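Numbering (the working numbering), first residue to last: 1444 to 1777. Before any comments, here is the structure.
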């Protein structure tokens, strides 16, 4: 049976691939929340309302945006990936160690991305072919990646490579202004754009929505369910490795304890951005907005100066619960 999508537009799975307006409401709500928070901050704090503050959100959260993109692919199929934070740390430690041993920076970057993709491929294959819950498999992947970090080095490894240092310290200016951003922020936005195109306009993306909407129906339609389930973990692993490189550019070091708990931030940002945990509904742009909302909360705390950083976690918890309830109310599942 040929896996042809267009003739089957009447099915539930393919209706999911077109993102009905009702399913987009949580993402729209995230955008409204972001604008409202930015407006409140502008009224409360002097200097808050500026394009540079907005650009700084992308600069400070570039690696988390990339992680959220990979997480979106996984959650759209109804899965989860708990290994992303550990892969970020592994990527940083591995890159720092190889650079310290005299490797050239470009082969190091390529190898780091290949390792991330391979870990994702291995987890996806175990999940699909052995029919084991993604939570368990990616939890094992989390421990494996974090353990490998300690095998490579327990101590923090500084990075002094000229290319890494140049990328980390380069400021890109918007023509005619004094507004600046970093190459990492530009890479993060490019990843979001590519991912949005893949999900909206390619067979792979439409099939991701179909599998998340109803895997059994997608299988009956002749769609490559197994290939997609494995593929999204490869995407997530690659994004995690790329996020690790961006985090390395930000910190100019590799450390085994880096990015602890980041997987939870990525999941929270994805859900706040409107992606349904049971799969089939969500947008990578929404996940990016979710990350920006989390970054804006941290900016609030920085401007306030008197609040503990733990308020960030409290507010994130409240927002997460609110958006899960919103999804429950506005998204009708068959």
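Here a beta-carbon is modelled for each residue, glycine too, at the ideal position from N, C-alpha and C. Please read these numbers as outputs of a predicted model, since none were measured by experiment.
According to DSSP, residue i sits in a beta bridge with which residue or residues?
{"i": "residue 1696", "result": "1601"}
{"i": "residue 1730", "result": "Its beta-bridge partners do not exist; DSSP assigns none."}
{"i": "residue 1615", "result": "1624"}
Do residue i and residue j have their C-beta atoms within less than 7 Å of each other?
{"i": "residue 1627", "j": "residue 1616", "result": "no"}
{"i": "residue 1704", "j": "residue 1717", "result": "no"}
{"i": "residue 1734", "j": "residue 1504", "result": "yes"}
{"i": "residue 1539", "j": "residue 1551", "result": "no"}
{"i": "residue 1581", "j": "residue 1525", "result": "yes"}
{"i": "residue 1729", "j": "residue 1520", "result": "no"}
{"i": "residue 1610", "j": "residue 1695", "result": "no"}
{"i": "residue 1732", "j": "residue 1477", "result": "yes"}
{"i": "residue 1509", "j": "residue 1686", "result": "yes"}
{"i": "residue 1680", "j": "residue 1563", "result": "yes"}
{"i": "residue 1516", "j": "residue 1635", "result": "no"}
{"i": "residue 1497", "j": "residue 1739", "result": "no"}
{"i": "residue 1709", "j": "residue 1514", "result": "yes"}
{"i": "residue 1712", "j": "residue 1511", "result": "yes"}
{"i": "residue 1571", "j": "residue 1669", "result": "yes"}
{"i": "residue 1714", "j": "residue 1746", "result": "no"}
{"i": "residue 1577", "j": "residue 1523", "result": "yes"}
Quick check on DSSP: helix, strand or coil for residue i?
{"i": "residue 1725", "result": "coil"}
{"i": "residue 1769", "result": "helix"}
{"i": "residue 1667", "result": "coil"}
{"i": "residue 1489", "result": "coil"}
{"i": "residue 1545", "result": "coil"}
{"i": "residue 1575", "result": "coil"}
{"i": "residue 1596", "result": "coil"}
{"i": "residue 1702", "result": "coil"}
{"i": "residue 1755", "result": "helix"}
{"i": "residue 1476", "result": "helix"}
{"i": "residue 1453", "result": "In this prediction, residue 1453 scores a pLDDT of 37, lower than 50, which makes its location untrustworthy; the coordinate-derived value is nonetheless stated afterwards. If DSSP states are grouped into helix, strand and coil, residue 1453 belongs with coil."}
{"i": "residue 1718", "result": "coil"}
{"i": "residue 1608", "result": "helix"}
Please check if any C-beta of chain D sits within less than 7 Å of the C-beta of residue i.
{"i": "residue 1571", "result": "Of the protein chains in the structure, only one exists, and it is not chain D."}
Legend entry - the segment 1680 to 1692 touching the segment 1531 to 1541, judged by at least three CB pairs closer than 8 Å: yes
Inset, instruction - Pick out the complete alpha helix (DSSP H) segments inside the segment 1496 to 1530, 4 residues or longer, and give them in chain order. - result: 1505 to 1519
Inset, instruction - Answer yes if the segment 1669 to 1682 comes into contact with the segment 1563 to 1578, meaning at least three C-beta pairs across the two stretches below 8 Å, and no otherwise. - result: yes
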